[in-house]
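Visitor:
In the working numbering, the protein residues as written are 4 to 84.
#1: To the nearest angstrom, how far is the alpha carbon of residue 22 from that of residue 31?
#2: Can you find a CB in chain C that lies within less than 8 angstroms of the CB of residue 77?
#3: Which one of 82, 84 and 70 has the shortest CA to CA distance from residue 38?
#4: Using a threshold of 8 angstroms, state whether the C-beta atoms of residue 43 and residue 79 are closer than that.
#5: Hey, quick one: how far does the alpha helix (DSSP H) through residue 62 stretch, first residue to last?
#6: Pick helix, strand or coil for residue 40, following the three-state DSSP scheme.
#7: Alpha carbon to alpha carbon, how far is residue 59 from residue 81? Give it in angstroms, no decimals.
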(Lines of atoms letter the chains of each structure in order from A and count residues from 1; the text may use other names and numbers.)
(Lines give C-alpha, C1' and ligand atoms only; values in the text may rest on other atoms or scores of the structure.)
Protein backbone atom coordinates (compact mmCIF):
# COMPACT_ATOMS: atom_id res chain seq x y z
CA UNK A 1 0.00 0.00 0.00
CA UNK A 2 2.82 2.36 0.82
CA UNK A 3 4.17 2.26 -2.74
CA UNK A 4 0.84 3.07 -4.33
CA UNK A 5 -0.07 5.67 -1.71
CA UNK A 6 3.27 7.39 -2.28
CA UNK A 7 2.73 7.34 -6.06
CA UNK A 8 -0.73 8.83 -5.75
CA UNK A 9 0.36 11.40 -3.15
CA UNK A 10 3.24 12.59 -5.32
CA UNK A 11 0.90 13.45 -8.15
CA UNK A 12 -0.45 16.95 -8.38
CA UNK A 13 -3.52 16.12 -6.31
CA UNK A 14 -4.62 18.96 -4.10
CA UNK A 15 -7.13 17.00 -2.12
CA UNK A 16 -5.67 14.16 -0.05
CA UNK A 17 -9.18 12.74 0.37
CA UNK A 18 -9.07 11.78 -3.29
CA UNK A 19 -5.96 9.72 -2.58
CA UNK A 20 -7.67 7.99 0.33
CA UNK A 21 -10.73 7.18 -1.77
CA UNK A 22 -8.59 5.82 -4.59
CA UNK A 23 -6.73 3.64 -2.09
CA UNK A 24 -10.02 2.21 -0.79
CA UNK A 25 -11.15 1.42 -4.32
CA UNK A 26 -7.75 -0.08 -5.15
CA UNK A 27 -7.98 -2.43 -2.18
CA UNK A 28 -11.32 -3.71 -3.48
CA UNK A 29 -10.25 -3.99 -7.11
CA UNK A 30 -6.82 -5.53 -6.68
CA UNK A 31 -8.19 -8.59 -4.91
CA UNK A 32 -10.05 -9.48 -8.11
CA UNK A 33 -7.15 -9.29 -10.55
CA UNK A 34 -7.44 -13.02 -11.26
CA UNK A 35 -10.96 -12.43 -12.61
CA UNK A 36 -9.86 -9.87 -15.20
CA UNK A 37 -9.51 -10.85 -18.86
CA UNK A 38 -6.21 -8.98 -19.17
CA UNK A 39 -3.70 -7.79 -16.61
CA UNK A 40 -0.95 -5.29 -17.40
CA UNK A 41 1.43 -3.89 -14.81
CA UNK A 42 1.74 -0.15 -15.27
CA UNK A 43 5.17 0.65 -13.79
CA UNK A 44 6.98 1.83 -16.89
CA UNK A 45 4.95 3.43 -19.66
CA UNK A 46 6.91 1.95 -22.57
CA UNK A 47 6.78 -1.58 -21.17
CA UNK A 48 3.09 -1.20 -20.31
CA UNK A 49 2.26 0.04 -23.82
CA UNK A 50 4.25 -2.83 -25.32
CA UNK A 51 2.29 -5.34 -23.22
CA UNK A 52 -1.04 -3.79 -24.24
CA UNK A 53 -0.09 -3.88 -27.93
CA UNK A 54 1.00 -7.51 -27.56
CA UNK A 55 -2.35 -8.45 -26.00
CA UNK A 56 -4.21 -6.68 -28.82
CA UNK A 57 -2.14 -8.40 -31.52
CA UNK A 58 -2.55 -11.84 -29.93
CA UNK A 59 -6.29 -11.24 -29.61
CA UNK A 60 -6.56 -10.17 -33.27
CA UNK A 61 -4.53 -13.22 -34.33
CA UNK A 62 -6.76 -15.38 -32.10
CA UNK A 63 -3.75 -16.69 -30.21
CA UNK A 64 -3.63 -17.56 -26.56
CA UNK A 65 -2.44 -14.87 -24.16
CA UNK A 66 -0.18 -16.32 -21.48
CA UNK A 67 0.50 -14.43 -18.28
CA UNK A 68 3.15 -14.96 -15.68
CA UNK A 69 0.63 -15.16 -12.86
CA UNK A 70 3.41 -15.46 -10.27
CA UNK A 71 4.92 -12.16 -11.38
CA UNK A 72 1.54 -10.42 -11.35
CA UNK A 73 0.66 -11.94 -7.97
CA UNK A 74 4.01 -10.84 -6.56
CA UNK A 75 3.44 -7.30 -7.83
CA UNK A 76 -0.08 -7.19 -6.40
CA UNK A 77 1.19 -8.46 -3.04
CA UNK A 78 3.83 -5.71 -3.02
CA UNK A 79 1.20 -3.07 -3.72
CA UNK A 80 -1.16 -4.14 -0.94
CA UNK A 81 1.50 -4.40 1.76
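Using N, Cα and C, we set each Cβ at its ideal position, and we do this for glycine too.
Guide: Taking the geometry as given:
#1: In the chain shown, residue 22 corresponds to position 19, counting from 1. In the chain shown, residue 31 corresponds to position 28, counting from 1. Each residue's Cα considered, the two are about 14 angstroms apart.
#2: As a matter of chain content, chain C is missing from the structure shown, which is built from one protein chain.
#3: Taking the chain shown and counting its residues from 1, the one referred to as residue 38 is at position 35. Measuring C-alpha to C-alpha distances from residue 38 to each of 82, 84 and 70 identifies 70 as the nearest.
#4: Walking along the chain shown from the start, residue 43 turns up at place 40. Walking along the chain shown from the start, residue 79 turns up at place 76. No, the Cβ-Cβ distance between residue 43 and residue 79 is not below 8 angstroms.
#5: Here residue 62 is taken as the residue at index 59 of the chain shown, counted from 1. Run containing residue 62: 48-63, per the alpha helix (DSSP H) assignment.
#6: Numbered from 1 along the chain shown, position 37 holds the residue referred to as residue 40. Judged by DSSP in its simplified three-state form, residue 40 adopts coil rather than helix or strand.
#7: As a first step, residue 81 is located in the chain shown; it is residue number 78 there, counting from the start. As a first step, residue 59 is located in the chain shown; it is residue number 56 there, counting from the start. In a straight line, the C-alpha of residue 81 is about 27 angstroms away from that of residue 59.
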